[in-house]
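Colleague: Chains A and B, in that order, give the protein sequences.
For the first sequence, position 128 (counting from the first letter as 1) is numbered 128 according to our numbering, and the numbering increases by one without interruption.
For our numbering, add 227 to where a residue sits in the second sequence, where the first one is 1.
Ideal Cβ placement from N, Cα and C applies to all residues, glycine included.
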Amino acid sequence: MEALKITGLSKVFGSGRLEVRALEDISLSIAAGDLVALMGPSGSGKTTLLLCVSLILEPTAGTVIFDGDTIYRDGWTGFDVRRLRREKVGFIFQTSNLIPFLTARENVLLPQYMVGMKGEMAENRAEELLEYMEVADRADYLPALLSGGEQQRVSIARALANRPKLILADEPTASLDTIRGKKVMELLKKIARENQTAVITVTHDARMIEGFDSIYHLKDGRLNSEP
Amino acid sequence: MDLAVKDLKRHLGRFLTTVIGVGLLFGTVLAMNGVFRGVVFEGISLIEATNPDLWVVERFRGGPFSEQSTLAEDFHYTVAAVPGVAQASPFIVYPVERDIRGKSTRFTIIGYDVFGGLGGPSKLTAGRGIERAHYEAVAHKKLGLSLGEKIPLGLHFYTVVGLTDNITSPDGEPVVFLSLPDAQEVLFQRDNETVRNQRERLRRSLTRNAVTSREADRLISELQSETHTINAVLVKLAPGADRLKVARHIEDWLYFSVYTSQEEINLMLRGRLAKARMQLLTFRIILLIVSMVILTLVIYTFTMEKIRSIAIMKLMGATNWMVIRLVLEQSLLLTLSSFIIGWLIIHNTQDFFPRKIFLTPLDESVTFGLALLGGLVASGLGIWQALKTQPAMALGGH
């Protein structure tokens, strides 16, 4: 089953002489459990595509079908995209981007709290995810007291909290050394396979994408894929 | 999960420091309220505590507090004879600076008819009222005197027989009640050298004008300055007497000025106290504005420090209410805690101020309301900033 299907997606900023076509006729399809890499030089439109895919930025044209629902059709949506984001999308960032005043456990509890899941069930889920990410012993630490790798693992646990259909990882290894970076990528592969979650990863580092199902290259807002 | 409280708990030290800082500011605002009310309270306390039906003073004078007023003492008999007047008592009031317990102290002496006359201390906290014609005093507690203690005033010692605490002079100084003759003596008593000098000047003046030396000696005692003067006559009206009619009668036929106690209060508020009140009111308003601005900046800074966390939460799909609650709750916690600190500070230090700090529940409620309003406005600014934060801010650029 397709987790995400994008057809003819374009994004234009400004108008007239100031018009910038950030994305041009992008089409791609990602199945549940697929691991997809998005690569490209700076200014190629990766962030814009990620923002469109994560339902933050409205595309100017094209269709975005997510989990069987047509979310955007030619710049229009009838969905509460914020709700879709908190219920069905998980985010992993370049730096861990954990909430600094919450402990590791509370950071994992936060997305659950956002969808109204509280109490023992939420606590158990957080515990389970922290164990899965092998940071359970750091559950009560503030992010500032965790290493970069630990922070990123907590960040992944947070992204998984609400069993998302899609995980968007924005340069998840950028702040890690090669060994830790590879470990994070292995984790993402494991998550995609075991949870049947589609994972889109933006990365600059070709060494990190071994075993990915699809690799897309963006250049000047246009997409080229290689299987 | 209460994000606002969690954030504050993680930064407890900074939060407490901020609360103490803003609390001190609120304490200062409350103190200024108290100083403002205190100036008015003390300014009119003597009038309110004395509270006769009418104050009779020297013609065209706003006395005895706003302006000097001098009357011959026996005029109170004339006033007492006016139809509608039940009682008329002489009253004298003046400030002095004398040694009390070896320390130069400013206070105000009030002289009144101690045998049933008007103008005495209205409430005693200890001891009794003056019962003898001479050498007894009732003193304000602020002077630190004890019952039975003797204070030197002029040539005599006066025994403190009672203590009071509800009356101060319009300048906030403590008062000492004496019998009228004692108060006049303390006011006019001169040392022997001064009396001799004055007599000598009079003698020279008389002899220069062809008065014989023998005749001059006889006239000197007659020409000494009058000491039987008072500042006002206090009037109690007979039951059913028309206050206005009696006042007009005294003004038209006895050539005095007459005021009710309310008019005396108005004279004080519009005259002697007006500038001080305006000065304090202006300062009070400025201080309140400064507090609001500082509170707004503090809350805005608190919000801006979390702007990246807010962007992350928005990216994760946080509702607007969740973001608003985070900012609003912190703002209200900060405002409320600071106000409580300020309230505690001023309520525990007010007695250390040299003048009365008169705190009223109304002033405190209004200040709290304005602080709360300021907190809401401040959080409005923070909320506006938080809501316009783009979730994309949480992502790095590519």
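1) Could you pull the DSSP bridge partners for residue 217 of chain A from this structure?
2) Using C-beta distances below 6 Å, list every residue in its chain close to residue 274 of chain B, excluding the 5 sequence neighbours before and after it, in chain order.
3) Residue 176 of chain A and residue 157 of chain A look like a contact to me (Cβ under 8 Å); what is the Cβ gap, rounded to whole Å?
4) Beta-carbon within less than 7 Å of residue 416 of chain B's beta-carbon, same chain only, minus the 5 sequence neighbours each way: which residues are those?
5) Which residue or residues does DSSP assign as beta-bridge partners of residue 167 of chain A?
6) To the nearest angstrom, report how far apart residue 247 of chain B and residue 572 of chain B are at their CA atoms.
7) Under a three-way DSSP split, which group does residue 341 of chain B fall into?
8) Quick one: does residue 237 of chain B have its CB under 8 Å from some CB of chain A?
9) Should residue 42 of chain A go down as buried or exposed, given a rule of 16 or more other Cβ atoms within 10 Å for buried?
10) Along the segment 148-159 of chain A, where does the CB come closer than 7 Å to a CB of chain B? Name the residues.
11) In chain order, what are the residue ranges of uninterrupted alpha helix (DSSP H) at least 4 long that sit wholly in the segment 11-61 of chain A?
12) What beta strand (DSSP E) runs, 3 residues minimum, are completely inside the segment 123-200 of chain A?
13) Whose C-beta lies closer than 7 Å to the C-beta of residue 514 of chain B among residues of the same chain, with five residues either side of it excluded?
14) Residue 116 of chain A: buried (16+ other C-beta within 10 angstroms of its C-beta) or exposed?
15) Tell me whether residue 590 of chain B sits in a helix, a strand or coil according to DSSP, three-state version.
16) Inspect the CB distances between the segment 391-409 of chain B and the segment 432-451 of chain B and report whether three or more fall short of 8 Å.
17) In terms of residues, what are the limits of the alpha helix (DSSP H) holding residue 411 of chain B?
18) Identify every residue that forms a DSSP beta bridge with residue 384 of chain B.
19) To the nearest angstrom, report how far apart residue 185 of chain A and residue 207 of chain A are at their CA atoms.
20) Using a C-beta cutoff of 8 Å, does residue 624 of chain B count as contacting chain A?
21) Taking all protein chains shown into account, do 16 or more other C-beta atoms lie within 10 angstroms of the C-beta of residue 367 of chain B, making it buried, or fewer, making it exposed?
22) Less than 7 Å separating the Cβ of residue 276 of chain B from some heavy atom of the ligand ADP?
23) Under DSSP, the beta strand (DSSP E) around residue 300 of chain B begins and ends at which residues?
24) Flag this pair as yes or no: are the beta carbons of residue 249 of chain B and residue 565 of chain B separated by less than 8 Å?
25) Using only the alpha-carbon positions, how far apart do residue 402 of chain B and residue 509 of chain B sit?
26) Excluding the 5 residues flanking residue 486 of chain B on each side, which residues of the same chain have their C-beta closer than 6 Å to its C-beta?
27) When the Cβ atoms of the segment 82-97 of chain A are set against those of the segment 511-530 of chain B, are three or more pairs found closer than 8 Å?
28) Kindly indicate which three-state DSSP category residue 569 of chain B falls into: helix, strand or coil?
29) Under the three-state reduction of DSSP, which class applies to residue 204 of chain A: helix, strand or coil?
30) At a Cβ threshold of 8 Å, is residue 229 of chain B touching chain A?
31) Under 8 Å, do residue 245 of chain B and residue 561 of chain B count as touching if we go by C-beta distance?
32) Could you tell me the distance, in whole angstroms, from the CA atom of residue 459 of chain B to the CA atom of residue 392 of chain B?
33) Tell me whether the beta-carbon of residue 339 of chain B lies closer than 8 Å to the beta-carbon of residue 362 of chain B.
34) With respect to the alpha helix (DSSP H) encompassing residue 507 of chain B, which residues constitute its N-terminal and C-terminal limits?
35) Helix, strand or coil for residue 353 of chain B, going by three-state DSSP, please let me know.
36) Quick check on residue 197 of chain A - is its C-beta less than 8 Å from some C-beta in chain B?
Modeller: In short, the structure shows the following:
1) Walking along the first sequence from the start, residue 217 of chain A turns up at place 217. DSSP lists A:39, A:224 as partners of residue 217 of chain A.
2) For the purposes of this step, residue 274 of chain B is taken as residue 47 along the second sequence, with counting starting at 1. Counting only residues of its own chain and dropping the five nearest sequence neighbours on each side, residue 274 of chain B has a CB closer than 6 Å to the CB of 488, 491, 492.
3) As a working note, residue 176 of chain A is residue 176 in the first sequence. As a working note, residue 157 of chain A is residue 157 in the first sequence. Contact between residue 176 of chain A and residue 157 of chain A is absent: CB atoms are separated by about 16 Å, not below the 8 Å threshold.
4) If you number the second sequence from 1, residue 416 of chain B lands on position 189. Closer than 7 Å at Cβ, skipping near neighbours: 381, 382.
5) For the purposes of this step, residue 167 of chain A is taken as residue 167 along the first sequence, with counting starting at 1. DSSP lists A:90, A:199 as partners of residue 167 of chain A.
6) Sequence index remark: in the second sequence, residue 247 of chain B carries index 20 (1-based). Sequence index remark: in the second sequence, residue 572 of chain B carries index 345 (1-based). Taking the straight line joining both Cα atoms gives about 10 Å.
7) Position 114 of the second sequence, counted from the start, is the residue given in the question as residue 341 of chain B. Secondary structure of residue 341 of chain B (DSSP, three-state): coil.
8) Here residue 237 of chain B refers to the residue found at position 10 of the second sequence. At least one chain A Cβ lies under 8 Å of residue 237 of chain B.
9) The sequence position of residue 42 of chain A within the first sequence is 42, counting from 1. Exposed, because fewer than 16 other Cβ atoms sit within 10 Å of the Cβ of residue 42 of chain A.
10) For the segment 148-159 of chain A, which is checked against every Cβ of chain B, not one residue is closer than 7 Å.
11) Counting only unbroken stretches of 4 or more residues, the alpha helix (DSSP H) elements lying wholly within the segment 11-61 of chain A are 46-53, in sequence order.
12) Qualifying beta strand (DSSP E) stretches, in chain order: 166-170.
13) Within the second sequence, residue 514 of chain B is the residue found at index 287, counting from 1. Contacts found: 255, 256, 259.
14) Residue 116 of chain A sits at position 116 when you count from the first residue of the first sequence. Exposed is the label assigned to residue 116 of chain A, since fewer than 16 other Cβ atoms lie within 10 Å of its Cβ.
15) Translated into the one-based positions of the second sequence, residue 590 of chain B becomes position 363. In the three-state reduction of the DSSP assignment, residue 590 of chain B falls in the helix class.
16) The segment 391-409 of chain B, when compared against the segment 432-451 of chain B, does not touch it at the 8 Å Cβ threshold.
17) As a first step, residue 411 of chain B must be located in the second sequence, where it is residue number 184. Start and end: 407-415.
18) By 1-based counting over the second sequence, the position of residue 384 of chain B is 157. Secondary-structure assignment with DSSP links residue 384 of chain B through a beta bridge to B:379.
19) Working through the first sequence from its first residue, we reach residue 185 of chain A at position 185. Working through the first sequence from its first residue, we reach residue 207 of chain A at position 207. Roughly 10 Å separates the two Cα atoms.
20) Taking the first residue of the second sequence as position 1, residue 624 of chain B is located at position 397. Residue confidence for residue 624 of chain B is low, a pLDDT of 43 falling below 50, so the modelled location carries little weight; the figure read from the coordinates is stated next. Put simply, the CB of residue 624 of chain B is near chain A, with a gap under 8 Å to one of its CB atoms.
21) Translated into positions along the second sequence, residue 367 of chain B becomes position 140. Flag for residue 367 of chain B reads buried.
22) With respect to the ligand ADP, the structure offers nothing, as it holds no ligand at all.
23) Numbered from 1 along the second sequence, position 73 holds the residue referred to as residue 300 of chain B. Careful: residue 300 of chain B lies outside any beta strand (DSSP E) and carries neither H nor E.
24) Looking up residue 249 of chain B in the second sequence gives position 22. Looking up residue 565 of chain B in the second sequence gives position 338. Less than 8 Å divides the Cβ of residue 249 of chain B from the Cβ of residue 565 of chain B.
25) Within the second sequence, numbered from 1, the residue matching residue 402 of chain B stands at position 175. Within the second sequence, numbered from 1, the residue matching residue 509 of chain B stands at position 282. Straight through space, the alpha carbons of residue 509 of chain B and residue 402 of chain B are spaced by roughly 30 Å.
26) Taking the first residue of the second sequence as 1, we reach residue 486 of chain B at position 259. Annotation for residue 486 of chain B: 282 place their beta carbon closer than 6 Å to its own, counting only its chain and skipping 5 residues before and after.
27) In this structure the segment 82-97 of chain A does not lie against the segment 511-530 of chain B, because fewer than three pairs of beta carbons, one per stretch, are closer than 8 Å.
28) In the second sequence, counting from the first residue as 1, residue 569 of chain B sits at position 342. Here residue 569 of chain B sits in helix by DSSP.
29) Position 204 of the first sequence, counting from 1, holds the residue named residue 204 of chain A. In the structure shown, residue 204 of chain A sits in coil (DSSP, three-state: anything other than H, G, I, E or B).
30) Within the second sequence, numbered from 1, the residue matching residue 229 of chain B stands at position 2. Look at residue 229 of chain B: its C-beta is not under 8 Å from any C-beta on chain A.
31) By one-based count along the second sequence, residue 245 of chain B stands at place 18. By one-based count along the second sequence, residue 561 of chain B stands at place 334. Residue 561 of chain B is positioned such that its CB atom lies closer than 8 Å to that of residue 245 of chain B.
32) Walking along the second sequence from the start, residue 459 of chain B turns up at place 232. Walking along the second sequence from the start, residue 392 of chain B turns up at place 165. Distance from the CA of residue 459 of chain B to the CA of residue 392 of chain B, rounded to the nearest whole angstrom, comes to 23 Å.
33) Within the second sequence, residue 339 of chain B is the residue found at index 112, counting from 1. Within the second sequence, residue 362 of chain B is the residue found at index 135, counting from 1. No, Cβ-Cβ distance for residue 339 of chain B and residue 362 of chain B is not below 8 Å.
34) Reading the second sequence from its first residue, position 280 is the one you call residue 507 of chain B. Looking at the DSSP string, the run of the alpha helix (DSSP H) that includes residue 507 of chain B is 501-531.
35) Taking the first residue of the second sequence as position 1, residue 353 of chain B is located at position 126. Three-state DSSP puts residue 353 of chain B in a strand.
36) Within the first sequence, numbered from 1, the residue matching residue 197 of chain A stands at position 197. No, residue 197 of chain A does not count as interfacial toward chain B.
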